[in-house]
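Heads up: the structure comes next, in structure tokens.
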Amino acid sequence: MRLLGIIKLYLLTALVGICSAQDSVDVASNTVIFDRDPRWLQLSDSGNHPIKVIVDDQVEDGCWTNSVSAANAVKLELKRSGFDVTPTNEDSFPHHLVIMALGYSNGSSSCLIYYNLQFDMIDVKDRNFGLDKHKVSSIMYTKIYSKGGILSGGSTNSRLKTTFVELTQAFLLDISKYQEETLEKVKKNASPEAKQFWESYELE
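Residue 1534 in my numbering is what sits at position 146 of the sequence shown, and the numbering runs on without skipping anything.
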């Protein structure tokens, strides 16, 4: 485990170095868009970017005892859409799909639960300090998609599992929607020298 940590730290350092090196290369164009994350254009279902399904179980009083089964059902939906859901140690920065539930029993055979499905991707952020002479780069997972709600009553195990499957299906449908909307925004705001590139850009 210690060796794996050292390897990941090395990869993080290398990635920051690559980003810094890219800063010194002349950029052909710079496009600014609002209300959409350009990482949607990098989300691929080709298997090159595996997804790690993470369970965040904060439910008490036995209101959610089948979280593993719910996670497996979510993985199955992702696999059916062509995603790799078995990242290995060689996959340094897999995407994260987090299924989270927070709740407790509020009476006999009754529970109150807040649930959420969130999709995170790795992101590189730069900030300049000291009259832009000192740049700090950070690499972190940040959210690009989130949907949730409230569930109450009985039979919360089966209902939560069904809910997370439905949220996953909605997420898979939304991928194409957000990709197309993001690309349209980029095309609309692209500078003249970037128009040709973005008009011929193909979504993965």
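We put the CB at the ideal spot given by N, CA and C, even for glycine.
Predicted model, so just to flag it, every value in this text is computed and none were measured.
Between L1505 and F1552, the gap from beta carbon to beta carbon is short of 9 Å.
Nearest neighbour of D1508 by Cα position, chosen from I1527, R1515, S1496, turns out to be I1527. Counting of Cβ neighbours within 10 angstroms places K1549 among the buried residues, the total reaching 16 or more.
Shown here, I1421 sits in coil according to DSSP, grouped into three states, outside any helix or strand. The segment 1571-1582 and the segment 1466-1485 do not touch, with fewer than 3 CB-CB distances between them shorter than 8 Å. When Y1589, L1560, L1591, K1531 are compared, the shortest CA-CA separation from L1464 is found for L1560.
Pairing Q1557 with L1466, the inter-Cα distance amounts to about 8 Å. Within its own chain, the residues whose Cβ lies closer than 8 Å to the Cβ of S1417, once the five positions on either side in sequence are excluded, are A1578, S1579, E1581, A1582, F1585, listed in chain order. As DSSP reads the structure, K1523 sits in a beta bridge with N1516. Annotated as distal: L1431 and G1491, with beta-carbon spacing of 9 Å or more. Following the DSSP letters along the chain, one finds N1545 inside the alpha helix (DSSP H) bounded by residues 1544-1577.
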